[in-house]
Amino acid sequence: MDSILGNLPSFNPQNFSQIKPCSDPYISTRMTPSTYVPTHCTLPPPDQVIKTELGNILPRHIYCNVLEQVKPNEVAAGSVLPEHEFKQLQVST
Amino acid sequence: MYYRSSNIAARIFDRQISTPAPGTSVHHARRFYENLVPSYTVYEVECPDHSFRKFTDDGQYLISFSRNHQELIVYRPRWLSFSCNDDDCDKHDLPSKARRFDSFFTQLYCVSLASCNELICKDFFLYMDSNQFGLFATSTAQIHDAPAVGGAVQGVPSIEKITFHLLRLEDGEILDRKVFSNDFVNLTHNMGVFLYDDLLAIVSLRYQTIHILQIRDSGNLVHVRAIGEFCREDDELFLNSNAQDISSSDKNKQHQSTENHVENQMHQGQPHMGNSFLSGIKQRLLSFIFQGLWNEESDDTLRMQRLRMKFYFHFQDYVDLIIWKTMRNVTSCIYSILGQVQFLDRHHLLIKFGSVDGGVSRNADHHPAFVAVYNMDTTEIVSFYQNSADELYLLFEKFCDHFHVTSRNSMYMNFVSSHSNNIHALEQLRSIKDKASNSSQFVKKMLASLPFSCQSLSPSPYFDQSLFRFDDKLISATDRHRQSTDHPIKFILRNYPHSLKFKIKPGAHYFQAVCILNIKMTR
Chain A
37 MDSILGNLPS
47 FNPQNFSQIK
57 PCSDPYISTR
67 MTPSTYVPTH
77 CTLPPPDQVI
87 KTELGNILPR
97 HIYCNVLEQV
107 KPNEVAAGSV
117 LPEHEFKQLQ
127 VST
Chain B
11 MYYRSSNIAA
21 RIFDRQISTP
31 APGTSVHHAR
41 RFYENLVPSY
51 TVYEVECPDH
61 SFRKFTDDGQ
71 YLISFSRNHQ
81 ELIVYRPRWL
91 SFSCNDDDCD
101 KHDLPSKARR
111 FDSFFTQLYC
121 VSLASCNELI
131 CKDFFLYMDS
141 NQFGLFATST
151 AQIHDAPAVG
161 GAVQGVPSIE
171 KITFHLLRLE
181 DGEILDRKVF
191 SNDFVNLTHN
201 MGVFLYDDLL
211 AIVSLRYQTI
221 HILQIRDSGN
231 LVHVRAIGEF
241 CREDDELFLN
251 SNAQDISSSD
261 KNKQHQSTEN
271 HVENQMHQGQ
281 PHMGNSFLSG
291 IKQRLLSFIF
301 QGLWNEESDD
311 TLRMQRLRMK
321 FYFHFQDYVD
331 LIIWKTMRNV
341 TSCIYSILGQ
351 VQFLDRHHLL
361 IKFGSVDGGV
371 SRNADHHPAF
381 VAVYNMDTTE
391 IVSFYQNSAD
401 ELYLLFEKFC
411 DHFHVTSRNS
421 MYMNFVSSHS
431 NNIHALEQLR
441 SIKDKASNSS
451 QFVKKMLASL
461 PFSCQSLSPS
471 PYFDQSLFRF
481 DDKLISATDR
491 HRQSTDHPIK
501 FILRNYPHSL
511 KFKIKPGAHY
521 FQAVCILNIK
531 MTR
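Protein chains in written order, with the numbering used here: chain A, 37 to 129; chain B, 11 to 533.
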């Protein structure tokens with residue numbers, strides 16, 4: 037069978053005339069990569085916003101460490117986390 | 011991956027036809043410094059008799075002081091260039107003008123900063139590259155045995171007048187000054203002052219106060235807040251409004267304290283009005299410790315026992331002598347004061363509490379110390395560590411370059427090598443850690459550098475550990491004086507072909523030398 041490249045101009049007309057298409061169906065000349073099919077939905081959440089964190093990540097990690105320490109020891113009624121009370125100016129009478 | 015030639019022409023061609031991996035364009039560009047290395051030293055250059063301080067990080071100015079430490083002289087580097095087209099350029103000597111100081115530097119101006127009894131602190135200089143402002147300091151002599159009056163800490167020396175001068179380096183105009191009277195600020199290697207963007211933190215060791223100032227674009231130094239005696243802006247107003255109640259209760263308490271603690275009457279933290287309130291920052295610290303102990307137990311009885319044992323029993327000691335190993339393991343009491351401060355961001359401060367001796371000495375490694383993270387907006391202590399805490403060391407190991415906060419305008423400072431961003435530096439650290447006999451001592455030694463001094467690292471690519479290997483005992487990116495040796499300091503390529511690229515010869519004979527860059531075609 038003539039090669040598809042056989043009729044193109046070349047230095048030696050006999051070039052590419054020896055190439056025959058592979059007839060073995062198990063050895064394909066086209067490498068088709070296998071496609072990964074996920075088993076779950078990979079779409080991002082509809083309200084997701086990706087932006088660069090401007091702040092220093094170090095304070096964020098420090099806060100995370102603090103929260104990790106507080107969570108196991110936190111008591112719903114007993115934990116002392118007072119809300120900030122606004123000071124009131126006392127007027128002398 | 012394919013083999014990349016180290017030849018500079020090949021690298022330039024490669025830059026034309028290929029793009030670097032995402033996020034590595036700056037690292038790619040910095041690799042050109044493997045080819046652009048100093049290769050010539052000019053000796054016996056006659057320099058002016060000044061004390062040369064440093065180049066600004068953007069390379070625009072050379073800062074120097076007069077020998078009498080009263081004048082500031084600023085030079086503009088001119089970067090003399092020379093080219094040779096012959097086959098053997100190494101045999102060609104540089105032109106005679108290369109041996110003159112003024113061929114490389116042009117004096118811009120000379121400004122007198124210090125008056126007759128003041129001296130410029132030659133170890134102090136901060137640069138704000140966004141506006142090209144420079145911050146300098148002058149001071150009178152230290153008084154070591156100054157009495158602790160007006161809320162001052164006993165044992166901390168006093169300086170009659172410390173002046174911070176803000177200059178526009180372009181023309182030497184003095185834009186603003188800030189004076190601290192009868193105070194003490196550790197100016198050595200910028201230890202007591204930290205500049206982040208336009209915020210300036212100045213630590214008054216004597217009065218245990220952190221002054222936060224803002225440098226405006228106009229050049230004005232604006233006082234934002236003072237953290238120490240008071241934390242919130244209206245704390246003083248609130249206390250003053252209750253002055254009558256305070257003064258009457260003070261009379262009773264002072265009578266008791268006079269009987270029991272005569273020597274500690276003037277201890278730090280007491281406001282000038284003479285009441286017995288602790289300073290605001292100390293109150294925040296005690297509250298943080300109390301909350302931590304409270305939250306550790308869920309049972310009310312156990313909680314009170316724990317508080318009684320670990321907090322109330324030692325409360326008077328805490329008032330006079332502040333401690334804390336950790337909030338879970340309070341075992342020892344030392345006299346500790348607010349020592350050094352750095353910004354973590356515009357809202358958080360990293361504060362070091364140390365002993366009085368450690369606060370005023372250069373080497374505080376042997377003194378116990380504690381580190382706290384303080385939120386300036388909420389005026390709360392976020393976390394508190396002893397300087398040998400493993401938690402703090404883990405943060406230091408993972409996020410070392412985030413402790414070195416840099417201005418948002420200084421992108422080149424984001425590429426300084428540290429063990430958090432460089433595998434070679436990390437291997438070095440792990441090697442030191444493996445060799446250390448005592449883990450606790452190793453952690454303490456590593457954390458002794460916290461908080462970092464401001465602008466103490468050089469951004470030079472020659473100190474990039476992914477480009478060059480050098481002996482960091484002889485030279486490093488840290489701005490510190492090192493003992494000169496007779497051995498040359500070698501800079502060896504990290505990458506193939508791992509060859510010696512250049513060396514610096516320190517020593518007294520070579521102090522008048524200028525290293526010149528030469529582009530060398532390597533194969």
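The C-beta atom is built at its ideal place from N, Cα and C for all residues, glycine as well.
Item	Value
For Ala567 (chain B), the residue or residues it bridges with in DSSP	Because chain B spans 11 through 533 in this model, residue 567 (chain B) falls outside it and cannot be assessed.
Contact list for Phe42 (chain B) against chain A, beta-carbon separation under 9 Å	The premise fails here: Phe42 (chain B) is roughly 27 Å from chain A at the closest Cβ pair, so nothing lies under 9 Å.
From A:Arg96, A:Ser46 and A:Asn92, residue whose alpha carbon lies closest to that of Tyr206 (chain B)	A:Asn92
Segment limits, alpha helix (DSSP H) that includes Cys501 (chain B)	Before going further, note that residue 501 (chain B) is Phe rather than Cys in the sequence given. Segment Ile499 to Leu503 is the beta strand (DSSP E) holding Phe501 (chain B); no alpha helix (DSSP H) there.
Integer-rounded CB distance, given that Ile172 (chain B) should sit under 8 Å from Ser149 (chain B)	5 Å
Where Ile86 (chain A) meets chain B, residues with beta-carbon distance less than 9 Å	Simply none; closest approach about 15 Å.
Gly144 (chain B) - partner residues in DSSP beta bridges	B:Tyr137 and B:Leu177
Neighbour flag for Glu239 (chain B) against chain A, beta carbons, 8 Å	no
Sheet register partners of Lys171 (chain B) (DSSP bridge)	B:Ser191
Leu303 (chain B): first and last residue of the uninterrupted alpha helix (DSSP H) it sits in	Gly290 to Glu306
Selection from B:Ser93, B:Gln493 and B:Gln475 that minimises the alpha carbon distance to Ala487 (chain B)	B:Gln475
DSSP three-state assignment for Cys120 (chain B), whether helix, strand or coil	strand
Separation of Asn250 (chain B) from Asn141 (chain B), as counted between CA atoms	40 Å
Nearest candidate by alpha-carbon position, reference Tyr468 (chain B), set B:Ala124, B:Phe425, B:Tyr43 and B:Leu90	A small fix is needed here, since residue 468 (chain B) is Ser in this sequence, not Tyr. Measuring from the Cα of Ser468 (chain B), the nearest candidate turns out to be B:Phe425.
Where Phe92 (chain B) sits in the DSSP three-state scheme	coil
Reduced DSSP category for Arg235 (chain B) - H, G, I as helix; E, B as strand; rest coil	strand
Neighbour list for His358 (chain B) in chain A, Cβ cutoff strictly below 7 Å	Pro95
Any beta strand (DSSP E) of 3 or more consecutive residues that is wholly inside the segment 16-84 of chain B	46-52, 60-65 and 72-76
beta-carbon Arg316 (chain B) near the ligand GDP non-hydrogen atom, thresh 7 Å	The model depicted lacks the ligand GDP and carries no ligand whatsoever.
Proximal residues to Phe298 (chain B) (C-beta, below 7 Å), its chain only, five neighbours per side dropped	Ile391 and Phe394
Closer than 8 Å to chain B by CB, Tyr99 (chain A)	yes
Whether Asp67 (chain B) touches Asp133 (chain B) by CB criterion (8 Å)	no
Three or more C-beta pairs below 8 Å linking the segment 175-190 of chain B and the segment 117-126 of chain B	yes
Selected residue, minimal CA-CA separation from Phe300 (chain B), among B:Tyr50, B:Thr311, B:Arg318 and B:Leu288	B:Arg318
DSSP state of Ile514 (chain B) mapped onto helix, strand, coil	strand
Exposure label - Phe353 (chain B); buried when at least 16 CB within 10 Å	buried
Within-8 Å CB hit, Arg372 (chain B) to chain A	Confidence at Arg372 (chain B) is low in this model, with a pLDDT of 47, below 50, so the placement of that residue should be treated as unreliable; the coordinate-derived value is given next. No - not a single Cβ of chain A is within 8 Å of the one on Arg372 (chain B).
Assigned exposure category for Tyr403 (chain B) - 16 Cβ within 10 Å defines buried	buried
Leu439 (chain B) versus His429 (chain B) - alpha carbon distance	7 Å
Nearest-angstrom beta carbon gap, Val351 (chain B) and Ile220 (chain B) [assumed within contact, 8 Å]	5 Å
Where Leu104 (chain B) sits in the DSSP three-state scheme	coil
Inter-stretch contact at 8 Å, needing at least 3 Cβ pairs: the segment 158-168 of chain B / the segment 210-229 of chain B	yes
Bounding residues of the beta strand (DSSP E) (the contiguous stretch that carries Ala211 (chain B))	Leu209 to Ser214
Own chain partners of His271 (chain B) with C-beta closer than 6 Å, once the 5 adjacent residues on each side are dropped	Residue placement at His271 (chain B) is poorly supported in this model, since its pLDDT is 39, which falls under 50; the coordinates still yield a value, given next. For His271 (chain B), where only same-chain residues beyond five positions count, there are no Cβ hits under 6 Å.
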